[in-house]
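Novice: Quick note, the sequences are listed as chains A, B, C and D, same order.
Per the numbering used here, residue 196 is the first one in the first sequence, and the count goes up by one each step.
Per the numbering used here, residue 196 is the first one in the second sequence, and the count goes up by one each step.
Per the numbering used here, residue 196 is the first one in the third sequence, and the count goes up by one each step.
Per the numbering used here, residue 196 is the first one in the fourth sequence, and the count goes up by one each step.
Beta carbons are placed, not taken as given, at the ideal position from N, Cα and C, and that holds for glycine.
There are 4 protein chains.
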Amino acid sequence: MSHSIHNKKLLARIRKIKGQAQGLENMLVPETEQSEASVPADCMKVLQQIAALKGAVNGLMMEVLEEHLREHLGVVELTQAQREQEVDQVISVLKTYVK
Amino acid sequence: MSHSIHNKKLLARIRKIKGQAQGLENMLVPETEQSEASVPADCMKVLQQIAALKGAVNGLMMEVLEEHLREHLGVVELTQAQREQEVDQVISVLKTYVK
Amino acid sequence: MSHSIHNKKLLARIRKIKGQAQGLENMLVPETEQSEASVPADCMKVLQQIAALKGAVNGLMMEVLEEHLREHLGVVELTQAQREQEVDQVISVLKTYVK
Amino acid sequence: MSHSIHNKKLLARIRKIKGQAQGLENMLVPETEQSEASVPADCMKVLQQIAALKGAVNGLMMEVLEEHLREHLGVVELTQAQREQEVDQVISVLKTYVK
Numbered sequence: 196m197s198h199s200i201h202n203k204k205l206l207a208r209i210r211k212i213k214g215q216a217q218g219l220e221n222m223l224v225p226e227t228e229q230s231e232a233s234v235p236a237d238c239m240k241v242l243q244q245i246a247a248l249k250g251a252v253n254g255l256m257m258e259v260l261e262e263h264l265r266e267h268l269g270v271v272e273l274t275q276a277q278r279e280q281e282v283d284q285v286i287s288v289l290k291t292y293v294k
Numbered sequence: 196m197s198h199s200i201h202n203k204k205l206l207a208r209i210r211k212i213k214g215q216a217q218g219l220e221n222m223l224v225p226e227t228e229q230s231e232a233s234v235p236a237d238c239m240k241v242l243q244q245i246a247a248l249k250g251a252v253n254g255l256m257m258e259v260l261e262e263h264l265r266e267h268l269g270v271v272e273l274t275q276a277q278r279e280q281e282v283d284q285v286i287s288v289l290k291t292y293v294k
Numbered sequence: 196m197s198h199s200i201h202n203k204k205l206l207a208r209i210r211k212i213k214g215q216a217q218g219l220e221n222m223l224v225p226e227t228e229q230s231e232a233s234v235p236a237d238c239m240k241v242l243q244q245i246a247a248l249k250g251a252v253n254g255l256m257m258e259v260l261e262e263h264l265r266e267h268l269g270v271v272e273l274t275q276a277q278r279e280q281e282v283d284q285v286i287s288v289l290k291t292y293v294k
Numbered sequence: 196m197s198h199s200i201h202n203k204k205l206l207a208r209i210r211k212i213k214g215q216a217q218g219l220e221n222m223l224v225p226e227t228e229q230s231e232a233s234v235p236a237d238c239m240k241v242l243q244q245i246a247a248l249k250g251a252v253n254g255l256m257m258e259v260l261e262e263h264l265r266e267h268l269g270v271v272e273l274t275q276a277q278r279e280q281e282v283d284q285v286i287s288v289l290k291t292y293v294k
C-alpha cells in the first residue's frame with residue numbers, strides 16, 4: 196500500500212471490532228478462566244452482537260476499499276500495466292467478499 | 196457505459212435470472228391464472244431457488260463491475276477529475292451492494 | 196410446503212424481481228432483437244439496478260423464510276423427529292444463503 | 196440461552212476472530228505504539244484479511260444460529276406462545292444479518 200494507512204479512523208474501526216469480539220468472549224466465559232463452567236449466555240444478545248460485528252467488518256472493508264481505489268486506481272500516474280494489475284487485485288478481493 | 200455491454204455472456208446471465216424468477220412464480224401459480232387456487236409449493240425448493248437466484252445476481256454484479264472497472268478506471272486516458280468521479284460512483288454502488 | 200404460499204404479497208415480490216430483470220435486459224437490448232447492435236447502457240444505472248434486484252431477492256428470502264419458520268417450526272404439532280428435520284433444512288438453506 | 200454455550204468450538208471461533216482483528220492492527224501499527232509513524236501496509240493483505248474476517252464472522256453466526264434453532268425451536272417442550280416469540284427473535288436477527 197503506497198499510501199500509508201495511518202489514519203486513526205481505520206485503526207479505531209479495527210479496535211472496535213476487537214472490542215466486539217472480546218465482548219462476545221466475555222458473554223461466554225467468566226473473567227477467571229479457572230472455572231470450567233461457562234456463563235450461560237443470552238442467545239439473542241450473542242446473535243445481535245455477531246450481527247453488529249459483521250456490520251463493523253463491512254464498514255472496515257468499505258473504508259479500506261475506498262482508500263485503496265482512490266489512492267491506486269484514482270490517480271493518473273499509473274501505467275496501463277499497473278492499472279490492469281490493480282483492477283485484477285480489486286476484482287479478486289471483491290469476488291471473495293461479495294457472495 | 197462508453198464500452199457497449201453487448202457481450203452475450205451478460206445477457207445470458209440476465210435471462211437466466213428471469214428464468215429463475217419465472218420458475219419461482221411457476222412453483223406458486225399454475226399455468227392457467229384463472230383458478231384462484233395456488234399450487235402448494237415445496238418450501239425447500241422455493242428457498243433453494245431463491246438462494247440460487249441470489250447467487251446469479253451476485254455473479255451478474257461481479258461481471259458488470261469487473262467490466263466497468265476495466266473499461267473505466269483501468270484505462271489511462273481519463274483525467275484526474277474523471278477518475279475521481281468514477282471512484283465515487285463505484286464506491287456508491289458498492290456501499291449499496293455490500294452490506 | 197404444508198401451508199400454501201398463495202398470498203399475493205409473495206407473488207408480487209416475485210413479479211417485481213421479474214420486472215427488474217426485464218428492465219436490465221431492456222437497458223442492453225433494443226426492443227427489436229433483429230439488430231445485432233446492442234444499446235450502450237449507462238453503467239451506473241445497470242449497477243444500481245442489480246443492487247436493487249439483490250435487495251428484492253433478499254426481501255423475498257426473508258418473507259418466505261419467516262412464513263416457513265412460523266408455519267413449520269412455529270407450531271406445536273410436530274414430533275421431535277420432524278422438528279429436527281425442519282431445523283436441518285432451515286440451516287442448510289441459510290448456509291447457502293448467508294456467505 | 197437455556198443451553199450453555201460452553202463448547203470449545205464456539206470460543207475457538209471467537210478467539211480466531213480476535214486474532215484476525217489483532218493481525219489487522221499489527222499490519223498498520225508497529226508493536227511499540229510510541230512511534231507515531233504507522234507501518235505502510237500491503238493493501239491486498241489488509242483487504243484479504245478483512246475478507247477472511249468476514250468469513251469467520253459468518254461461520255460464527257451460522258454455528259450459534261444452528262445451536263439456537265436446535266435447542267429452542269427444535270425441541271417439543273415449548274408452548275405455542277414461546278414458539279412464536281422464538282420465531283420472532285430469529286427473524287429479527289436474520290433481518291439484521293441478511294442484507
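Any beta carbon from chain B within less than 8 Å of A:Met239's own beta carbon?
Specialist: Chain B, which has no Cβ nearer than 8 Å to the Cβ of A:Met239, makes this no.
Novice: I'd like to know if C:Leu260 contacts chain D, where contact means its C-beta is closer than 8 Å to some C-beta of that chain.
Specialist: Yes, because at least one Cβ of chain D sits closer than 8 Å to the Cβ of C:Leu260.
Novice: Between the region 255–264 of chain C and the region 275–289 of chain B, can you find at least three pairs of beta-carbon atoms closer than 8 Å?
Specialist: The region 275–289 of chain B, when compared against the region 255–264 of chain C, does not touch it at the 8 Å Cβ threshold.
Novice: Taking all protein chains shown into account, do 16 or more other C-beta atoms lie within 10 angstroms of the C-beta of B:Glu262, making it buried, or fewer, making it exposed?
Specialist: Buried, since its Cβ has 16 or more Cβ neighbours within 10 Å.
Novice: Can you find a C-beta in chain C that's less than 8 Å from the C-beta of D:Leu289?
Specialist: Chain C, which has a Cβ nearer than 8 Å to the Cβ of D:Leu289, makes this yes.
Novice: Please state if the CB of D:Lys240 and the CB of D:Met222 are separated by a distance shorter than 8 Å.
Specialist: Contact flag set, yes.
Novice: Who are the near neighbours of C:Gln191 in its chain, counting only those whose CB is closer than 7 Å to its CB and skipping five residues on each side?
Specialist: It is not possible to answer for residue 191 of chain C, since the shown part of chain C is limited to 196 through 294.
Novice: Using a 10 Å radius around the Cβ and a threshold of 16 neighbouring Cβ atoms, would you call D:Val271 buried or exposed?
Specialist: Looking at its Cβ environment, which holds fewer than 16 other Cβ atoms inside 10 Å, D:Val271 is exposed.
Novice: Quick check: the Cα distance between A:Leu289 and B:Tyr292, rounded to an integer number of angstroms?
Specialist: Near 11 Å, if we compare the C-alpha coordinates of B:Tyr292 and A:Leu289.
Novice: If you draw a straight line from the C-alpha of A:Leu206 to the C-alpha of D:Glu220, how long is it?
Specialist: Cα to Cα, A:Leu206 sits roughly 7 Å from D:Glu220.
Novice: Rounded to a whole number of angstroms, what is the C-alpha to C-alpha distance between B:Lys213 and B:Lys294?
Specialist: The alpha-carbon atoms of B:Lys213 and B:Lys294 are separated by roughly 24 Å.
Novice: Consider the Cβ of A:Ile245: report whether some Cβ of chain D lies at a distance smaller than 8 Å.
Specialist: Taking Cβ atoms only, chain D reaches closer than 8 Å to A:Ile245, which makes this a yes.
Novice: Looking at the unbroken alpha helix (DSSP H) that takes in D:Leu260, where does it start and where does it end?
Specialist: D:Leu260 -> alpha helix (DSSP H) spans 238–263.
Novice: With 8 Å as the C-beta to C-beta threshold (strictly closer), list the residues of the region 261–279 of chain C near chain D in chain order.
Specialist: From the region 261–279 of chain C, only Glu261, Leu264, Arg265, Leu268, Gly269, Val270, Val271, Leu273, Thr274, Gln275, Arg278, Glu279 have a Cβ closer than 8 Å to chain D.
Novice: Quick check on DSSP: helix, strand or coil for D:Thr291?
Specialist: Residue state, collapsed to three classes: helix.
Novice: Anything in chain B within Cβ reach of A:Lys204, meaning under 7 Å, just list it in chain order.
Specialist: Within chain B, no residue comes near A:Lys204; the closest Cβ sits about 16 Å away, beyond 7 Å.
Novice: With H, G and I counted as helix, E and B as strand and the rest as coil, what does DSSP make of C:Glu272?
Specialist: DSSP places C:Glu272 in coil when its eight states are reduced to three.
Novice: Quick one: what does DSSP say D:Val285 is sitting in, helix, strand or coil?
Specialist: In this structure, D:Val285 counts as helix in the three-state DSSP scheme.
Novice: Nearest-angstrom Cα distance between C:Leu268 and D:Leu268?
Specialist: Computed Cα separation, rounded: 6 Å.
Novice: Below 8 Å on C-beta distance, what does D:Ala207 contact in chain A?
Specialist: Simply none; closest approach about 11 Å.
Novice: Please work out which residues of its chain come closer than 8 Å, Cβ to Cβ, to C:Lys204, disregarding the five sequence neighbours upstream and downstream, and give them in chain order.
Specialist: Glu258.
Novice: Which residue from A:Gly218, A:Gln217, A:Ile209 puts its Cα closest to that of D:Val224?
Specialist: Nearest option by C-alpha distance: A:Ile209.
Novice: Whose Cβ in chain D lies nearer than 7 Å to the Cβ of C:Lys211?
Specialist: In chain order: nothing, as chain D lies at least about 18 Å away.
Novice: Tell me, please, whether the CB atom of B:Met222 is closer than 8 Å to any CB atom in chain A?
Specialist: No, no contact with chain A.
Novice: May I have the straight-line CA-CA distance separating B:Leu242 from A:Gln277, to the nearest angstrom?
Specialist: Each residue's alpha carbon lies about 43 Å from the other.
Novice: Could you confirm whether any beta carbon from chain B is found closer than 8 Å to the beta carbon of A:Val282?
Specialist: True, the Cβ-Cβ gap to chain B drops below 8 Å.
Novice: Give me the Cα-Cα distance between D:Gln217 and D:Cys238, rounded to the nearest whole angstrom.
Specialist: Distance between the alpha carbons of D:Gln217 and D:Cys238 is about 16 Å.
Novice: Would you say D:Val285 lies against chain C (beta-carbon separation less than 8 Å)?
Specialist: Yes, its Cβ sits closer than 8 Å to a Cβ of chain C.
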